[in-house]
Amino acid sequence: MHARVTVTLKPGVLDPQGQAIVGSLASLGFSGIAGVRQGKVFDVALDKTDRAQAEAAVRDMCEKLLANTVIENYAIELRT
Amino acid sequence: MRTAVIQFPGSNRDRDMIAAITKISGRPPVVVWHKETALPEVDLVVLPGGFSYGDYLRSGAIAARAPIMEAVRAAADRGVLVLGVCNGFQILTEAGMLPGVLMRNATLRFVCREVRLEVVDTRSAFTSRYRKGEVIRCPVAHMDGNYFAEPETLKRIEDDHRVAFRYAAGTNPNGSIHDIAGIFNANRNVLGMMPHPENLIEPAHGGSDGRALFESLFDSVAA
Chain A
267 MHARVTVTLK
277 PGVLDPQGQA
287 IVGSLASLGF
297 SGIAGVRQGK
307 VFDVALDKTD
317 RAQAEAAVRD
327 MCEKLLANTV
337 IENYAIELRT
Chain B
48 MRTAVIQFPG
58 SNRDRDMIAA
68 ITKISGRPPV
78 VVWHKETALP
88 EVDLVVLPGG
98 FSYGDYLRSG
108 AIAARAPIME
118 AVRAAADRGV
128 LVLGVCNGFQ
138 ILTEAGMLPG
148 VLMRNATLRF
158 VCREVRLEVV
168 DTRSAFTSRY
178 RKGEVIRCPV
188 AHMDGNYFAE
198 PETLKRIEDD
208 HRVAFRYAAG
218 TNPNGSIHDI
228 AGIFNANRNV
238 LGMMPHPENL
248 IEPAHGGSDG
258 RALFESLFDS
268 VAA
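So the protein sequences, as listed, match chains A and B.
Numbering-wise, this note's numbering puts 304 at position 38 of the first sequence, and it's gapless, one number per residue.
Numbering-wise, this note's numbering puts 125 at position 78 of the second sequence, and it's gapless, one number per residue.
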């Protein structure tokens, strides 16, 4: 089973990197960009086959390491 | 005073910290590798500056889960003094031993310069030798020093007088909320700070404003 974990900054948390990307996109001529928020993606390969077990394990990984839940949210997508 | 300095792969201010402690206390610290699971009997544990694990994932995130950190946490719970400087502060927040988080500098630039710090609270083993409101010089050198905490956490920190140091007006180098440069835990035996007091302890450094922090610590143990 594979899990894709997407970690994003919580709304309201300042993202200077995202702002710098907006500036760079504008300088390339892209217009109409209301904002960019930078995040992270983790692809986790698991030897578990049970979906519920896999989800529980990945959730635990997110809480303990992959995300800093003070400033970040995470989302988990599972696929076999 | 018995001290320990923890070394992680990528620590780089450990030698400065060892030199400062040895010069001021007259006794070299025990150096403890991050893979150890136990600490010697000490009065103070220091997490030095650097780029542990190359700042992979988030600054301090991997080091905060290193084997030695369980022992550091247990020591702090017993009342042992713990000082985290720069990357050490990042590690303490990632370990949940201090609230909040240190984000990328608002300028997106590495900042390496001297700032002014206001000593906000002297009622601690770390700051007793300073005067309340005193403004001291201190160098900073970091990429991720932008302190952030949620409003309710920030209110708790402020209400409990847990801000040890603030960047003095006009010198905030990283965008930290409330100009926070260093905070205590609730029991005031853990201090995390971004500036480097160990780099300003003698005239050869161009000043010695950092020295009183170490002298405060040694006072607290001698007392």
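Glycine included, C-beta positions come from ideal geometry on N, C-alpha and C.
(message) Counting only C-beta atoms, is isoleucine 287(A) closer than 8 Å to chain B at any point?
(response) Stepping through the first sequence from its first residue, residue 287(A) is reached at position 21. Chain B, which has no Cβ nearer than 8 Å to the Cβ of isoleucine 287(A), makes this no.
(message) Considering Cα atoms alone, identify which of Lys306(A), Ala322(A), Val310(A) is closest to lysine 276(A).
(response) One-based indexing of the first sequence puts residue 276(A) at position 10. Selected option, being the one with the closest Cα: Lys306(A).
(request) Please determine, among Glu329(A), Thr315(A), Ala333(A), Ile287(A), the residue with the shortest C-alpha to C-alpha distance to leucine 344(A). (result) Numbered from 1 along the first sequence, position 78 holds the residue referred to as residue 344(A). Answer by Cα proximity: Thr315(A).
(request) Say whether the stretch 321 to 333 of chain A touches the stretch 62 to 73 of chain B, bearing in mind that this needs 3 or more beta-carbon pairs closer than 8 Å, one atom from each stretch. (result) no
(message) Given this structure, state the Cα-to-Cα distance separating valine 127(B) from alanine 142(B), to the nearest angstrom.
(response) Taking the second sequence and counting its residues from 1, the one referred to as residue 127(B) is at position 80. Taking the second sequence and counting its residues from 1, the one referred to as residue 142(B) is at position 95. Valine 127(B) and alanine 142(B): Cα-Cα distance of roughly 16 Å.
(message) For a minimum of 3 consecutive residues, which ranges assigned as the beta strand (DSSP E) are wholly contained in the stretch 82 to 169 of chain B?
(response) 91 to 94, 128 to 132, 148 to 150, 158 to 166
(message) Please list, in chain order, the residues of the stretch 268 to 282 of chain A that have any C-beta partner in chain B closer than 8 Å.
(response) Val279, Leu280, Pro282
(message) Just checking: is the beta-carbon of glutamate 199(B) within a distance shorter than 8 Å of some beta-carbon in chain A?
(response) Against the second sequence, residue 199(B) aligns to sequence position 152. No, glutamate 199(B) lies away from the interface with chain A (no Cβ there is under 8 Å from its Cβ).
(message) glutamate 245(B) and arginine 213(B) - do their beta-carbons sit closer together than 8 Å?
(response) Counting from 1 along the second sequence, the entry for residue 213(B) is found at position 166. Counting from 1 along the second sequence, the entry for residue 245(B) is found at position 198. Against a cut-off of 8 Å, the Cβ pair of glutamate 245(B) and arginine 213(B) comes out as no contact.
(message) Quick check on leucine 91(B): buried or exposed, where buried means 16 or more other Cβ atoms within 10 Å of its Cβ?
(response) Position 44 of the second sequence holds residue 91(B). Answer is buried; the Cβ neighbour count reaches 16.
(message) Pop quiz: proline 46(B) and aspartate 61(B) are said to be a contact at Cβ under 8 Å. What is the actual Cβ separation, rounded to whole angstroms?
(response) The structure shown does not extend to residue 46(B), since chain B is modelled only from 48 through 270, so no value can be given for it.
(message) Quick check: what's the CA-CA separation for arginine 163(B) versus aspartate 313(A)?
(response) Here the question's residue 163(B) lines up with position 116 in the second sequence. Here the question's residue 313(A) lines up with position 47 in the first sequence. Approximately 53 Å, taken between the alpha carbons.
(message) Less than 8 Å between CB atoms is the rule here; does valine 302(A) satisfy it with respect to chain B?
(response) Position 36 of the first sequence, counted from the first residue, corresponds to residue 302(A). No, no contact with chain B.
(request) Can you give me, in chain order, the residues of the stretch 99 to 111 of chain B that have a beta carbon less than 8 Å from any beta carbon in chain A? (result) Leu104, Arg105, Ala108
(request) Let me know if serine 293(A) comes out buried or exposed under the rule of 16 or more other beta-carbons within 10 Å of its beta-carbon. (result) Stepping through the first sequence from its first residue, residue 293(A) is reached at position 27. Result: exposed.
(request) Note down, in chain order, every chain B residue with its Cβ under 9 Å from the Cβ of valine 336(A). (result) Reading the first sequence from its first residue, position 70 is the one you call residue 336(A). Those are Thr140, Pro146, Gly147, Val148, Phe195, Ala196, Glu197, Thr200, listed as they occur along chain B.
(request) Please determine, among Ala110(B), Leu155(B), Thr154(B), Thr169(B), the residue with the shortest C-alpha to C-alpha distance to threonine 140(B). (result) What you label residue 140(B) is simply residue 93 of the second sequence in a count that begins at 1. Residue Ala110(B) is the option with its Cα nearest to threonine 140(B).
(request) Kindly indicate if chain A contains any beta-carbon less than 8 Å away from that of arginine 151(B). (result) Sequence index remark: in the second sequence, residue 151(B) carries index 104 (1-based). Yes, contact with chain A.
(message) Counting only C-beta atoms, is leucine 331(A) closer than 8 Å to chain B at any point?
(response) In the first sequence, counting from the first residue as 1, residue 331(A) sits at position 65. With 8 Å as the cut-off, leucine 331(A) counts as an interface residue toward chain B.
(request) May I have the straight-line CA-CA distance separating aspartate 266(B) from alanine 322(A), to the nearest angstrom? (result) As a first step, residue 266(B) is located in the second sequence; it is residue number 219 there, counting from the start. As a first step, residue 322(A) is located in the first sequence; it is residue number 56 there, counting from the start. Taking the straight line from one Cα to the other gives about 49 Å.
(message) By the three-class DSSP mapping on this structure, what secondary structure does arginine 20(B) have?
(response) Since the first residue shown for chain B is 48 and the last is 270, residue 20(B) is missing from the structure and cannot be characterised.
(message) Which residues does DSSP list as the beta-bridge partners of cysteine 185(B)?
(response) Position 138 of the second sequence holds residue 185(B). DSSP, once it has assigned bridges, lists Val162(B) as partnering cysteine 185(B).
(message) Which residues in chain A have a C-beta closer than 7 Å to the C-beta of leucine 155(B)? List them in chain order.
(response) Locating residue 155(B) in the second sequence gives position 108, where the first residue counts as 1. Those are Pro282, Gln283, Ala286, listed as they occur along chain A.
(message) Less than 6 Å between C-beta atoms, sequence neighbours within five positions excluded: which residues of the same chain meet that for serine 72(B)?
(response) Translated into the one-based positions of the second sequence, residue 72(B) becomes position 25. Here the set comprises Met48, Phe265.
(request) Could you tell me which residues DSSP puts in a beta bridge with aspartate 313(A)? (result) For the purposes of this step, residue 313(A) is taken as the residue at position 47 of the first sequence. Paired residue(s): none; aspartate 313(A) is not in a bridge.
(request) Check whether the Cβ atoms of glycine 135(B) and glycine 257(B) sit closer than 8 Å, and answer yes or no. (result) Start at 1 with the first residue of the second sequence, and residue 135(B) comes out as number 88. Start at 1 with the first residue of the second sequence, and residue 257(B) comes out as number 210. Cβ distance not < 8 Å, so glycine 135(B) and glycine 257(B) don't count as in contact.
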